[in-house]
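Q:
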Amino acid sequence: MCGIVGYLGSEDCVQILLDGLRRLEYRGYDSAGIAVIAPDRSMQLVRSQGKIKVLEEKLKTHPLIGNVGIGHTRWATHGKPSDRNAHPHRSGPLAVVHNGIIENYAVLKKELQEQGFVFSSETDTEVVVKLAERELHKRQDFADSVVATLKELKGSYALVFLCENNPDELIAARKESPLILGLSDNAVYVASDVPAILPYTRSVIFLEDDEIACINRDGVRIRTLDGVIRQPQPQTIDWNPVMAEKAGYKHFMLKEIYEQPHAMIDTFRSEIVLDQQEILLTDLHLHQEQIEALEKIYLIACGTSYHACMVGKYMLEGLCRVPVEVDLGSEFRYRGPILGRETLLMVISQSGETADTRAALQEGIEQGAPCRAIVNVVGSSLARMAQGVIYTHAGPEIGVASTKAFTTQLVALYLFTLHWAKAIGRLSQQQLGQAIQDLLELPGKAEEILARSHQLLDWAKSYGKAKDFLYLARGILYPIALEGALKLKEISYIHAEGYAAGEMKHGPIALIDENMPVMVLVQRGPTFDKMLSNIEEVKSRGGKILALIEESSDDRIGPAECQFVIPKTNQWLASVLFAVPLQLLAYHIAVLRGTDVDQPRNLAKSVTVE
56 MCGIVGYLGS EDCVQILLDG LRRLEYRGYD SAGIAVIAPD RSMQLVRSQG KIKVLEEKLK
116 THPLIGNVGI GHTRWATHGK PSDRNAHPHR SGPLAVVHNG IIENYAVLKK ELQEQGFVFS
176 SETDTEVVVK LAERELHKRQ DFADSVVATL KELKGSYALV FLCENNPDEL IAARKESPLI
236 LGLSDNAVYV ASDVPAILPY TRSVIFLEDD EIACINRDGV RIRTLDGVIR QPQPQTIDWN
296 PVMAEKAGYK HFMLKEIYEQ PHAMIDTFRS EIVLDQQEIL LTDLHLHQEQ IEALEKIYLI
356 ACGTSYHACM VGKYMLEGLC RVPVEVDLGS EFRYRGPILG RETLLMVISQ SGETADTRAA
416 LQEGIEQGAP CRAIVNVVGS SLARMAQGVI YTHAGPEIGV ASTKAFTTQL VALYLFTLHW
476 AKAIGRLSQQ QLGQAIQDLL ELPGKAEEIL ARSHQLLDWA KSYGKAKDFL YLARGILYPI
536 ALEGALKLKE ISYIHAEGYA AGEMKHGPIA LIDENMPVMV LVQRGPTFDK MLSNIEEVKS
596 RGGKILALIE ESSDDRIGPA ECQFVIPKTN QWLASVLFAV PLQLLAYHIA VLRGTDVDQP
656 RNLAKSVTVE
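If you count the sequence shown from 1, position 398 lands on 453 in our numbering, and the numbers rise without skipping.
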């Protein structure tokens, strides 16, 4: 979720680059930098940790000037926020800015070090520019060197290269990470998102995967890695500035819901070695002998992350047969928990700054327990305090109601579970391979759900005026029912409750009448028939059934239009897929009720006080 800008034209580009970076600030970042080709044809670079205003202060003492340049705001994925990890990264005559993740960077880095290259950062991006410098020495051609470099990379990237030897040229490339070109009469702009260039042009070319754009003063030439030329086809963007920040979506929350498939990929792609069927979790620092010595796990979080912990309990106990306790961060340390060297404390937080969760982690540290964290922000308090981390790579989440942060936490917990199960011999290599394959197929199945959002909108129109909702589920979907109810409460202000379906007759059944919609989450398996019985109990009291059902609809539940089919996956990853339509339903209802979807009343994005 970093921001990229680039410029080649007739004007001084420093303020243009800074202006573009400011327009991408909504995406979140921890450092910034720019590089330009100066009038004497030398490359000049300034970068800094912190906000753009820090970079601007640096530029007052180290002024830059030039009409070709690149800029970047970084959301850390590899390496903590610092000046040396900030982009652009330079090697010899080359500089580069990068969004995405290079999966094979460790292998490439080792190879380059053996060849004498010295690295100054902790990033995967520096590998790209070192590799490009090596290829430039071989080929003496800027474009050919970039193509050769890209063919060595595995992963996702949006890249823009600047070269001192080619002072009137930029080269941009894309694979699974957005990158656009903007065209005007006397300039070409490059950006990772439309808002950066909207004040300067509305004529835009969207690069496709595996395409390279060679930009010079004569125009733009687009080709594939295999050398196939594509004639540029500019499109006119008619978004206003607010729409541009949201990539055309009405709200940030909706944008973030639709970003989930890509966020899932970013969370698992750098942690899996496909050809070896292996889970890495290199930042977790929890190896087989350590896992074998552990007897119990505490999962601690607040709010939506607490629901992720509940799902994690089902995963870990079901696959690893290790006892797991789930606790609220706000309650944990006040009940006098008993911890020790044989107990792992795992905290989960989107921001990495949640005060109650931080206090729980501190309690674990003081009692001498091994402590780990699942967070989204590199360099956050929890990431620094814990002895190891799994990063979710969801990118910034602007909407207060968490969506992609939640589903990526579930993916991270799944990776953690597979890592643990393999270490203690609970998974064969074949079973691990199938579990990884299920994960690889997950984003595509989430895309399939998103493509059927219209059915959830129909439900919202029919039931959005209800005063109360009930969500029922069993097993690993019970926490998803809680999360679905929370989403509806947070953004639509409708009273909603989630219950384990077997508990319905112990109280909630008294509330059911013809005015209450009841959302049921139905998973195939041992509890399927019991869920059908619960549904009959609701129907006999006049409740309106809305069903999310796995694999295919079922006449015993009701009409097909009251059933939303969830693609089949394994029993653990079903939790991720069932969460997505519940987010969409809450969103559509909130929009129809006219609430402030992105900033619901009384709520804050990161709760930093107890």
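Every residue gets a Cβ at the ideal spot worked out from N, C-alpha and C, and that includes glycine.
Closest by CA to V646, which one among T132, S588 and I546?
A: To locate residue 646, count along the sequence shown from 1; it is residue 591. Checking every option, the nearest Cα to that of V646 belongs to I546.
Q: Looking only at its chain, what residues have a beta carbon closer than 6 Å to the beta carbon of E380, apart from the 5 residues adjacent to it on each side?
A: By one-based count along the sequence shown, residue 380 stands at place 325. Cβ neighbours of E380 beyond the five flanking positions: Y353.
Q: Since I believe G419 is in contact with R396 (beta carbons under 8 Å), could you give me their beta-carbon distance rounded to a whole number of angstroms?
A: Residue 396 sits at position 341 when you count from the first residue of the sequence shown. Residue 419 sits at position 364 when you count from the first residue of the sequence shown. Incorrect: roughly 11 Å between the Cβ atoms, too far for contact.
Q: By DSSP, does V664 sit in helix, in strand, or in coil?
A: Here residue 664 refers to the residue found at position 609 when the sequence shown is read from its first residue. Caution is warranted here: a pLDDT of 39 is assigned to V664, below 50, making its placement in the model unreliable, and the coordinate value is therefore given only provisionally. Residue state, collapsed to three classes: coil.
Q: Assign T663 to one of two classes, buried (16 or more other C-beta atoms within 10 Å of its C-beta) or exposed (fewer than that).
A: Counting from one through the sequence shown, the residue named residue 663 turns up at place 608. Below a pLDDT of 50, predicted positions are generally treated as unreliable, and T663, at 40, falls in that range; the measurement from the model is reported next regardless. Taking all protein chains in view, the Cβ of T663 is surrounded by fewer than 16 other Cβ atoms within 10 Å, so the residue is classified as exposed.
Q: With respect to the alpha helix (DSSP H) encompassing M12, which residues constitute its N-terminal and C-terminal limits?
A: Here the chain comprises residues numbered 56 to 665, so residue 12 is not present and cannot be evaluated.
Q: Would you tell me roughly how many angstroms separate the C-alpha atoms of E224 and C269, rounded to the nearest one?
A: One-based indexing of the sequence shown puts residue 224 at position 169. One-based indexing of the sequence shown puts residue 269 at position 214. About 7 Å.
Q: Rounding to the nearest angstrom, what Cα-Cα distance links I71 and D338 in this structure?
A: In the sequence shown, counting from the first residue as 1, residue 71 sits at position 16. In the sequence shown, counting from the first residue as 1, residue 338 sits at position 283. Cα to Cα, the separation comes out at about 37 Å.
Q: Please say whether C68 and N154 have beta carbons closer to each other than 8 Å?
A: Locating residue 154 in the sequence shown gives position 99, counting from the first residue. Locating residue 68 in the sequence shown gives position 13, counting from the first residue. Here N154 is not near C68, since their CB atoms are 8 Å or more apart.
Q: I453 to H192, Cα distance in whole Å?
A: Your numbering for residue 453 matches position 398 in the sequence shown. Your numbering for residue 192 matches position 137 in the sequence shown. Whole-angstrom Cα-Cα distance: 43 Å.
Q: My guess is that G126 and V60 are in contact by the Cβ rule of under 8 Å, so how many angstroms apart are they, rounded?
A: Along the sequence shown, one-based indexing puts residue 126 at 71. Along the sequence shown, one-based indexing puts residue 60 at 5. Sure, about 5 Å apart at Cβ, within 8 Å.
Q: Could you give the residue range of the beta strand (DSSP E) that holds Y353?
A: The residue given as residue 353 occupies position 298 in the sequence shown. Here the beta strand (DSSP E) through Y353 covers K351 to A356.
Q: Going by CA-CA distance only, name the one from L632, G75, L628 and I284 that's closest to G367.
A: The residue you call residue 367 lines up with position 312 of the sequence shown. Ranking the options by Cα distance to G367, first place goes to L628.
Q: Going straight from the alpha carbon of Q332 to that of V109, what length do you get?
A: Residue 332 sits at position 277 when you count from the first residue of the sequence shown. Residue 109 sits at position 54 when you count from the first residue of the sequence shown. Approximately 44 Å between the Cα atoms of the pair.
Q: For R278, which three-state DSSP category applies?
A: On the sequence shown, position 223 is the one that residue 278 refers to. Strand, per DSSP.
Q: Within the same chain, show all residues whose beta-carbon is closer than 6 Å to that of E665, passing over the 5 residues directly before and after it, in chain order.
A: For this step, residue 665 is matched to residue 610 along the sequence shown. Residue confidence is low: E665 scores 48 on pLDDT, short of 50, so the model does not pin down where it sits. No coordinate-derived value is stated.
Q: On the three-state DSSP scale, how would you describe E231?
A: On the sequence shown, residue 231 is found 176 positions in, with the first residue counted as 1. Strand, per DSSP.
Q: DSSP three-state call for T132: helix, strand or coil?
A: For this step, residue 132 is matched to residue 77 along the sequence shown. Three-state DSSP puts T132 in coil, outside helix and strand.
Q: Rounded to the nearest angstrom, what separates I600 and H509 at their Cα positions?
A: As a position in the sequence shown, residue 600 is number 545, starting the count at 1. As a position in the sequence shown, residue 509 is number 454, starting the count at 1. Cα to Cα, I600 sits roughly 18 Å from H509.
Q: Answer with buried or exposed for L73, where buried requires no fewer than 16 other C-beta atoms within 10 angstroms of its C-beta.
A: As a working note, residue 73 is residue 18 in the sequence shown. L73 counts as buried, since no fewer than 16 other beta carbons sit within 10 angstroms of its beta carbon.
Q: Run the CB neighbour count on E616, radius 10 Å, all protein chains shown included, and call it buried at 16 or more, exposed below.
A: Taking the sequence shown and counting its residues from 1, the one referred to as residue 616 is at position 561. Per the 10 Å Cβ criterion, exposed.
Q: Would you tell me roughly how many angstroms separate the C-alpha atoms of L400 and G58, rounded to the nearest one?
A: Residue mapping note: residue 400 aligns to position 345 of the sequence shown, counting from 1. Residue mapping note: residue 58 aligns to position 3 of the sequence shown, counting from 1. So the two alpha carbons sit approximately 35 Å from each other.
Q: What distance in whole Å lies between the Cβ atoms of Y518 and P572, which are believed to be in contact at a cut-off of 8 Å?
A: As a working note, residue 572 is residue 517 in the sequence shown. As a working note, residue 518 is residue 463 in the sequence shown. With a Cβ gap of about 4 Å, P572 and Y518 count as contacting.
Q: Following the continuous alpha helix (DSSP H) through L163, name the residue where it begins and the one where it ends.
A: Along the sequence shown, read from residue 1 onward, the residue named residue 163 stands at position 108. Y160 to E169 is the extent of the alpha helix (DSSP H) around L163.
Q: Can you give me the start and stop residues for the alpha helix (DSSP H) that E502 sits inside?
A: Residue numbering aside, residue 502 sits at position 447 when the sequence shown is read from its first letter. Residues Q484 to L505.
Q: Go ahead and pull the three-state DSSP assignment for G303.
A: To locate residue 303, count along the sequence shown from 1; it is residue 248. G303: coil per DSSP, three-state reduction.
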